[in-house]
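Below is one structure, written out as structure tokens, with a few remarks after it.
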Amino acid sequence: MASTTDMAPNRTATKAPARRAANGPRRAAARQSQSREDELSAQVHQLQSDLKSIAATLASLAEDKVNDAQKLARREVKNLARTGQSAVEDVQDEFGQLEKQIKDTIREKPLTAVAGAIALGFVLAVVSR
4 MASTTDMAPN
14 RTATKAPARR
24 AANGPRRAAA
34 RQSQSREDEL
44 SAQVHQLQSD
54 LKSIAATLAS
64 LAEDKVNDAQ
74 KLARREVKNL
84 ARTGQSAVED
94 VQDEFGQLEK
104 QIKDTIREKP
114 LTAVAGAIAL
124 GFVLAVVSR
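The numbering used here numbers the first residue of the sequence shown as 4 and each following residue consecutively.
Dropping the structure here:
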């Protein structure tokens, strides 16, 4: 009997390249898939880097806004303190004038002042019972 190589001398030689040819597209597909994965990984890394940069920028902007708000609040507190101090001074002036008027009235009419004080004391005593 004849062997396979005698009958088909090219048969074994053709099978090996066929396997190589069949593995070639697989290897190319695997390399292409790996290349895509590497590219996607690089893009994800870049996106993460961009997101970190955006977060840092937003944090900086927020800090600037907080600082601006604090400056504005300090200015407003100073303005309110000045306004409040001015109002206190005005009230003190008014009470000073009222006190002066009462003293002048007491000096001019001492008996009327004493009678008014007694009447006021009596009213307070009745109310407080």
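For each residue, glycine too, the CB sits at the ideal point set by N, CA and C.
How about ALA116 and ILE109: do their beta carbons lie closer than 8 Å?
Here residue 116 refers to the residue found at position 113 when the sequence shown is read from its first residue. Here residue 109 refers to the residue found at position 106 when the sequence shown is read from its first residue. Yes, the pair counts as a contact, with Cβ atoms nearer than the cut-off.
For LYS112, three-class secondary structure by DSSP
Position 109 of the sequence shown, counting from 1, holds the residue named residue 112. Note: LYS112 maps to coil in three-state DSSP.
I need the straight-line Cα distance from VAL126 to PRO113, nearest angstrom please.
Against the sequence shown, residue 126 aligns to sequence position 123. Against the sequence shown, residue 113 aligns to sequence position 110. Cα to Cα, the separation comes out at about 20 Å.
Please report the distance separating the alpha-carbon of LYS106 from that of GLU97.
Walking along the sequence shown from the start, residue 106 turns up at place 103. Walking along the sequence shown from the start, residue 97 turns up at place 94. If you take the alpha carbons of LYS106 and GLU97, they lie about 14 Å apart.
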